[in-house]
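Peer 1: One structure is given below, represented as structure tokens, and several questions about it will come after.
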Amino acid sequence: MSVAVETKKLTMIQGINDALSTALNEDERTLILGEDVGVNGGVFRATEGLQEKYGSGRVIDTPLAESGIMGTSIGLAANGFRPIAEMQFLGFVYPAFNQIMTHATRLRQRTLGRYTSPLVIRAPYGAGVRAPEIHSDSVEALFTHMPGIKVVVPSNAYDAKGLLLESIADPDPVIFLEPMRCYRSSKTEVPEEKYKIELGKAATLKEGEDVSIFTWGAMTIETMKAVEQLEAEKEISCEVIDLRTLYPLDRDAIAASVQKTTRAVVVQEAPLTGGVSSEVLSVIQDTSFLYLRSPVKQVGGLDVPVPVYSLENEYLPSVDKIKYAVEQTVSF
Amino acid sequence: MINDFPMQQLIDQDGNVLDHERMQEISIEKVKDMYYFMHRARLLDKKCVNLQRQGRIGTYVQYEGQEGAQVGSALALEEGDWMFPTYRDHAATLTYGQTMKNLLLNWRGRIEGGIAPEGIHIFPPAVPIASQLPQAAGAALAEKKKGTDRVSLVYFGDGATSEGDFHEGLNFASVFQTPTVFFNQNNGYAISVPVEKQMNSETIAQKGLGYDMNCLRIDGNDVIGVYCAVKDAVHKARSGAGPTLIEAVTWRYGAHTTADDPSKYRDQSESEVRRQTTDPLLRVEKYLKAQDAWQEQWKQEIEAQIESEIETALEEMESYPEPEMNQLFDYVFETPTWTIQQQIDEHLAVKGGKTS
Chain A
1 MSVAVETKKL TMIQGINDAL STALNEDERT LILGEDVGVN GGVFRATEGL
51 QEKYGSGRVI DTPLAESGIM GTSIGLAANG FRPIAEMQFL GFVYPAFNQI
101 MTHATRLRQR TLGRYTSPLV IRAPYGAGVR APEIHSDSVE ALFTHMPGIK
151 VVVPSNAYDA KGLLLESIAD PDPVIFLEPM RCYRSSKTEV PEEKYKIELG
201 KAATLKEGED VSIFTWGAMT IETMKAVEQL EAEKEISCEV IDLRTLYPLD
251 RDAIAASVQK TTRAVVVQEA PLTGGVSSEV LSVIQDTSFL YLRSPVKQVG
301 GLDVPVPVYS LENEYLPSVD KIKYAVEQTV SF
Chain B
1 MINDFPMQQL IDQDGNVLDH ERMQEISIEK VKDMYYFMHR ARLLDKKCVN
51 LQRQGRIGTY VQYEGQEGAQ VGSALALEEG DWMFPTYRDH AATLTYGQTM
101 KNLLLNWRGR IEGGIAPEGI HIFPPAVPIA SQLPQAAGAA LAEKKKGTDR
151 VSLVYFGDGA TSEGDFHEGL NFASVFQTPT VFFNQNNGYA ISVPVEKQMN
201 SETIAQKGLG YDMNCLRIDG NDVIGVYCAV KDAVHKARSG AGPTLIEAVT
251 WRYGAHTTAD DPSKYRDQSE SEVRRQTTDP LLRVEKYLKA QDAWQEQWKQ
301 EIEAQIESEI ETALEEMESY PEPEMNQLFD YVFETPTWTI QQQIDEHLAV
351 KGGKTS
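As you go down the protein sequences, you meet chains A and B in turn. Residues in the first sequence are numbered from 1 upward in steps of one, following full-length UniProt numbering. Residues in the second sequence are numbered from 1 upward in steps of one, following full-length UniProt numbering.
As structure tokens, this is what we get:
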């Protein structure tokens, strides 16, 4: 029996807007706070039309102060609301770091559950869109290292809607990182109805036999390009896993894929040292050490500050670097 | 600016009434209540310093000298209001309903120590300076959105006014006109740094002008004056007139904490002079004596009662069961993630299955 599901083709930014609208519509406790999220609809239009529809009391243009946005959201969350706080760019989250690290992520434990912080922090992130300085940072690892917050990164409209609705429903803080390169890079079929995607579950973008490539966010774009070339030019069959949630990682999916292909490459945009890719490696060696036929390779950003855009293509992991790593792993 | 923000008093340090009209609202019984709460807080504070010296609690943060500011402000709150204290505001939290046992547990390094009895909205004491101010604005905004008339009262010191979160908290409260009372205790020192080095402005109250906020400067050692000023600010907040910044000028007699030596940065004889002159308890005693309402026997009775309360709380603290291991793991997320679950399993495996 097939059930007809109404779908529409959406870009990721439209999928996010759809999820936000759904959440505002179904629960009065849901609020959006951020800079330019109201009348302007957000600098990327993630909140376009929402203030008009739900009012300035629920889609709130705040003063330009990230710590103030976070602190106020924590107070709202502890007192019964479900705030979605937008950081205009992830590179601007640093003034809010104290509020997230010392309060949002600890409130449940500091009060043994009396008060909690059921809030979502949304932030556009990543390089590759020729943005001004500091607008292109990939600092997801700052948050995966922070106990008490989940870290989610969608790469397409379908995932974005389902993951964002699940993040909003989550009883604890979630940071929802939106790769700017994915905002309008593709359109996917998105059900008009509400659906949720469980956090901590990876998605298989492509099945393959010879090597598993683990990646997330905008690097899914580079990875899929590299895979297409590798399969055509070298006949290497690649499996591509979009991790989607970086904390907690999908341990079972990582293990299952590596144990099938026996080789692995991890591709991340962020600087390599101390990054999430190291955690993926840790899961692989913990679960699948005896299955490996070659050392796991990592492809990542450089251990340098994310540069201004004239240098960003040098900085970012390239299709060639991914191909090189995969070939080395397969021919080891 | 100092002339625009004179330090307002209802009762001067000799116990004389300066505002007779306002004092008509305040019964002798109410004043005796204030004295009781201040005395209770002071005796607990003194006990805690001793307990720390004896190694029975950890590093302790004294508030002696600031009881007028803390008790007067706390008594102006009602049920359902929100209190956002720092680690030096236990006279306030005790007065608003936190238990002595929990305050002692707090200094014993126990999570329970930061949790108030059910139904009393007290946030756990904020440690990162000024971080609680935007949260108090947020909690008050929530009350406003719910359509209640409940307010938030947030405590912070003079040093906190240098932090970004002080300004962000005031600005958010001002922009959203939240029912928040920003209650500053200017005790003259941020650990060792005197207020003159902390800011180039003559008062803290004037900082509210930048946010077009009700702002005033009061004598924090005049408990009745504090009570009335905060009551007014709370009333404004309840009636939709927005936030207020109150600078309560006070003094801590002792060290920043039991790990601090104030003789390195100030002459402690100043504290001795102040004990004889501006002390908040002494002032009430003088007032009550002038009203012919002071009974030495009453003081001895409440003292005995408080000491017995402290002894009971101390026994409860010292016989409190050791923390369960699950406190470590069970409250990070509503449901532990697999990394935490794996760590629980390994932890238990190494410990042979024991949970504490």
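Ideal placement from N, C-alpha and C gives every residue a C-beta, glycine not left out.
State buried or exposed for Q93(B), treating a residue as buried only when at least 16 other CB atoms are found within 10 Å of its CB.
Peer 2: Before going on, a small fix: residue 93(B) reads as Thr here, not Gln. Flag for T93(B) reads buried.
Peer 1: Any idea if T62(A) is buried or exposed, counting beta-carbon neighbours within 10 angstroms, 16 or more meaning buried?
Peer 2: buried
Peer 1: Does A92(B) get closer than 8 Å to chain A when you measure Cβ to Cβ?
Peer 2: Answer no: the Cβ-Cβ gap between A92(B) and chain A never drops below 8 Å.
Peer 1: Return helix, strand or coil for V190(A), following the three-state DSSP convention.
Peer 2: strand
Peer 1: Checking contacts by CB at 8 Å: is W294(B) closer than that to chain A?
Peer 2: no
Peer 1: Any Cβ of chain A within less than 8 Å of the Cβ of E334(B)?
Peer 2: yes
Peer 1: At least one CB of chain B closer than 8 Å to the CB of I236(A): is that the case?
Peer 2: no
Peer 1: By the 7 Å beta-carbon criterion, what residues does the region 151 to 175 of chain B contribute toward chain A?
Peer 2: Of all residues in the region 151 to 175 of chain B, G164, D165, E168, G169, N171, F172 and V175 have a Cβ within less than 7 Å of some Cβ in chain A.
Peer 1: Pairs of beta-carbons, one from the region 204 to 211 of chain A and one from the region 20 to 36 of chain A, closer than 8 Å: are there three or more?
Peer 2: Touching, no.
Peer 1: Spell out whether any CB of chain A is found under 8 Å from the CB atom of Y331(B).
Peer 2: Yes, because at least one Cβ of chain A sits closer than 8 Å to the Cβ of Y331(B).
Peer 1: With which residues is A264(A) paired in a DSSP beta bridge?
Peer 2: S212(A), per the DSSP bridge assignment.
Peer 1: Consider the Cβ of L24(A): report whether some Cβ of chain B lies at a distance smaller than 8 Å.
Peer 2: no
Peer 1: Need the endpoints of the beta strand (DSSP E) that G300(A) sits in, please.
Peer 2: K297 to G301
Peer 1: Should M1(B) and Q198(B) be called a contact, given that it needs their Cβ atoms to be closer than 8 Å?
Peer 2: no
Peer 1: At 9 Å on the CB atoms, spell out the chain A contacts of I111(B), in chain order.
Peer 2: Simply Q109, R110, T111 and L112.
Peer 1: Who pairs with V304(A) in a beta bridge, going by DSSP?
Peer 2: In the DSSP output, where bridge partners are listed per residue, V304(A) has none listed.
Peer 1: Which of the three DSSP states is assigned to G97(B) in this structure?
Peer 2: coil
Peer 1: Listing by chain order, which chain B residues have their CB less than 7 Å from the CB of S67(A)?
Peer 2: P134, G164, D165 and E168, listed in chain order.
Peer 1: Could you work out which residues of chain B lie near R251(A), taking near to mean beta carbons separated by less than 8 Å?
Peer 2: Near R251(A) (Cβ distances below 8 Å), the residues of chain B are W338.
Peer 1: Does the beta-carbon of E192(A) have 16 or more other beta-carbons within 10 angstroms, so that it is buried, or is it exposed?
Peer 2: exposed
Peer 1: Measure the C-alpha to C-alpha separation of E307(B) and R114(A) and round it to an integer number of angstroms.
Peer 2: 30 Å
Peer 1: Quick one, which residues of the region 73 to 91 of chain A are near chain B if we go by CB-CB under 9 Å, in chain order?
Peer 2: S73, I74, G75, L76, A77, A78, N79, G80, F81 and P83
Peer 1: Beta carbons nearer than 7 Å to chain B: which residues of the region 150 to 177 of chain A have them?
Peer 2: P171 and D172
Peer 1: Please work out which residues of its chain come closer than 6 Å, Cβ to Cβ, to E163(B), disregarding the five sequence neighbours upstream and downstream, and give them in chain order.
Peer 2: I129 and A130
Peer 1: For H103(A) and chain B, any beta-carbon pair shorter than 8 Å?
Peer 2: yes
Peer 1: Applying the criterion that 16 or more other CB atoms from any shown protein chain within 10 Å of the CB defines a buried residue, is Q285(A) buried or exposed?
Peer 2: exposed
Peer 1: Show which residues of chain B have a CB atom less than 8 Å away from the CB atom of G57(A).
Peer 2: K145
Peer 1: Give me whichever residues DSSP pairs with R85(A) in a beta bridge.
Peer 2: According to the sequence displayed, residue 85(A) carries Ala and not Arg. Partner residues in the beta bridge of A85(A), as assigned by DSSP, are L33(A) and I121(A).
Peer 1: So who's on the other strand from K144(B), going by DSSP bridges?
Peer 2: DSSP lists no partner for K144(B).
Peer 1: Residues in the region 264 to 277 of chain B with C-beta within 9 Å of chain A's C-beta atoms, listed in sequence order?
Peer 2: none
Peer 1: On a Cα-Cα basis, can you pick out the residue from H135(A), P95(A) and I13(A) that is closest to P307(A)?
Peer 2: H135(A)
Peer 1: Using a Cβ-Cβ cut-off of less than 8 Å, list which residues of the region 226 to 248 of chain B approach chain A; keep chain order.
Peer 2: none
Peer 1: At least one CB of chain A closer than 8 Å to the CB of P128(B): is that the case?
Peer 2: yes
Peer 1: Going by the beta-carbon positions, is the gap between I281(B) and H39(B) smaller than 8 Å?
Peer 2: The amino acid occupying residue 281(B) in the given sequence is Leu; Ile does not appear at that position. Their beta carbons are under 8 Å apart, which means L281(B) touches H39(B) by this criterion.
Peer 1: Does S27(B) get closer than 8 Å to chain A when you measure Cβ to Cβ?
Peer 2: no
Peer 1: Which runs of the alpha helix (DSSP H), 4 residues or longer, sit entirely within the region 48 to 122 of chain A?
Peer 2: 50 to 54, 66 to 78 and 107 to 110
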